[in-house]
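Under the numbering used here, think of the first position of the sequence shown as 1, with each following residue one higher.
Note that the Cβ used here is the ideal one computed from N, Cα and C, for glycine as well.
One structure below.
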Amino acid sequence: MPVVLSTVAAETFSGPLMPRLAEVFPEQQVVDRTTMNAWEDENFVEAVKATGRKKLVIAGLWTEVCVVLPALSAIAQGYEVYVVTDASGGVSPHAHEHAVQRMIQAGAVPVTWVQVLLELQRDWARTETYAAVGDVVKEHGGTYGLGMVDAQAVIGAHAAG
């Protein structure tokens, strides 16, 4: 799945890409922009267009700026937008929720990171990604992850094969 990463004036305003995110995408080119709305940055839009995809999954640091502005712009240009609401945050819960509601009214679909991950996995019989996805869910998936840990303790580890 193609990924486009961006920062906002990394040298003078917001700093570099979050280290944990950079670790996941060590070879990924990061689009550094000055605009609050990533969709107003030509390099960002060209990077998105280069993916050839019309469905976008968007998350960002501030829901009411980094997410809502490009989401609304992309929707206006015919993209189908999915907003990862629990991988984005606002300056307050109220601000976050209002931004999410604004995007929903414009046609965005709210999703969670677990939904996105498991929609990509689709089938636990997909052994090539089973272990990696299971590890992420067990480490970060809350009660769902604990359920996987408990199930494996009872039935044993999945035999990839």
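Close beta carbons around residue i, own chain, < 8 Å, minus the five adjacent residues each side
i	result
G78	K54
G161	Reliability of the predicted coordinates at G161 is poor, the pLDDT of 41 falling under 50, and the value obtained from them is presented with this limitation in mind. T127, listed in sequence order.
D41	S6, V31, R33, T34, T35
V109	E80, V81, Y82, V83
E97	G90
Expected contact under 8 Å - CB spacing of residue i and residue j to nearest Å
i	j	result
M103	A71	5 Å
Sequence-distant residues of the same chain with beta carbon closer than 6 Å to residue i, five excluded per side
i	result
V133	Q121
A87	A59, W113
I168	Because the chain in this structure spans residues 1 to 161, residue 168 falls outside the shown range and cannot be described.
A159	Since pLDDT at A159 reaches only 49, below the 50 mark, its modelled position is unreliable, and the value read off the structure follows with that caveat. There are no such residues.
Extent of the continuous beta strand (DSSP E) to which residue i belongs
i	result
T7	5–8
E80	80–84
V67	It is not in any beta strand (DSSP E) - V67 carries neither H nor E in the DSSP assignment.
K55	55–58
V109	109–111
CB contact check: residue i to chain B, cutoff 8 Å
i	result
Q105	No chain B is present in this structure, which holds just one protein chain.
Spatially closest choice to residue i from the options, by CA coordinates
i	options	result
Y144	T127, G156, I155, L118	L118
F13	T34, T127, G90	T34
K49	L21, P2, R20	P2
A10	T85, D32, Q101	D32
T63	G90, V136, V24	G90
S92	L61, S73, V116	L61
V111	G141, T85, H96	T85
Range of the contiguous alpha helix (DSSP H) that encloses residue i
i	result
P19	19–24
D135	127–140
R33	From DSSP, R33 is part of no alpha helix (DSSP H) but of the beta strand (DSSP E) over 30–33.
E97	93–106
E46	42–50
Beta-carbon proximity list for residue i, same chain, < 7 Å, skipping 5 on both sides
i	result
L17	L5, T7, V30
W124	Y130
C-beta atoms of residue i and residue j nearer than 8 Å
i	j	result
V67	A22	no
N43	L69	no
M148	V136	no
V24	V116	no
Any non-hydrogen atom of the ligand SAM closer than 7 Å to residue i Cβ
i	result
A50	The ligand SAM is absent from the structure shown, which contains no ligand whatsoever.
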